[in-house]
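Asks:
Numbering (this note's numbering), first residue to last: 225 to 417.
1. Using a 10 Å radius around the Cβ and a threshold of 16 neighbouring Cβ atoms, would you call residue 309 buried or exposed?
2. Beta-carbon within less than 7 Å of residue 360's beta-carbon, same chain only, minus the 5 sequence neighbours each way: which residues are those?
3. Quick check: residue 322 and residue 349, are their CB atoms within less than 8 Å of each other?
4. With the cut-off set at 8 Å, would you say residue 399 and residue 240 are in Cβ contact?
5. What's the gap between the Cα of residue 347 and the Cα of residue 374?
6. Apart from the five residues just before and just after residue 314, which ones in its own chain have a Cβ nearer than 6 Å to its Cβ?
7. Leaving out five residues before and five after residue 237 in sequence, what residues of the same chain have Cβ atoms less than 6 Å from its Cβ?
8. Taking the C-alpha atoms as reference points, what is the distance between residue 377 and residue 261?
9. Would the segment 295-302 count as touching the segment 251-260 if we require 3 or more Cβ pairs under 8 Å?
10. Name, in chain order, the residues that DSSP records as bridge partners for residue 341.
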């Protein structure tokens with residue numbers, strides 16, 4: 225069983241995306257941790273749309289994004305690492321109250337697997353996301369999966385409406401991330417190989 229399946233065996237929403245990368249598993253694992261925010265052109269455009277008119281016209285928004293553009297993408301995202309099997313699987317998680325304009329998080333450790341698993345206060349949504357790296361016949365298979373569970377029935381209904389709206393964008397972000405990781409890994413394989 226994977227870390228992902230172990231931490232969230234029950235869920236209400238799930239998505240899976242994968243990509244074959246022409247690089248070694250070591251190169252893909254390294255790229256998973258080093259791909260910069262600046263490589264995520266689709267994700268940044270979607271974020272700008274979500275942030276609304278202020279982000280469209282406010283130069284400080286662009287300045288703050290530019291300042292963080294070399295930061296590794298997975299460090300910039302809300303889900304935080306809670307576990308890993310080195311070179312094989314990276315597990316990220318988040319707990320939040322999501323709505324269309326913002327997300328609120330409880331005042332708990334965001335990088336502690338036990339805290340994530342035990343959290344059950346009503347009104348919250350728990351998200352687990354993983355990345356796996358597997359050697360394949362045509363290269364390295366890079367997969368990301370996301371699962372969502374809520375802590376109560378009312379939140380489940382509210383999140384279902386939110387998920388229906390954001391799922392296409394969520395899929396685009398994950399595909400953008402896989403493409404960027406693949407590009408970084410393949411470039412490092414070309415330069416290093």
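Yeah, the Cβ is synthetic: ideal placement off N, Cα and C, and Gly gets one too.
Replies: In terms of the structure at hand:
1. exposed
2. Non-local C-beta neighbours of residue 360 in its own chain, meaning closer than 7 Å and more than five positions away in sequence, comprise 244, ordered along the chain.
3. Residue 322 is a Cβ neighbour of residue 349, given a cutoff of 8 Å.
4. no
5. 8 Å
6. 308, 355
7. 372, 387
8. 35 Å
9. yes
10. Answer is none; residue 341 lacks a bridge partner.
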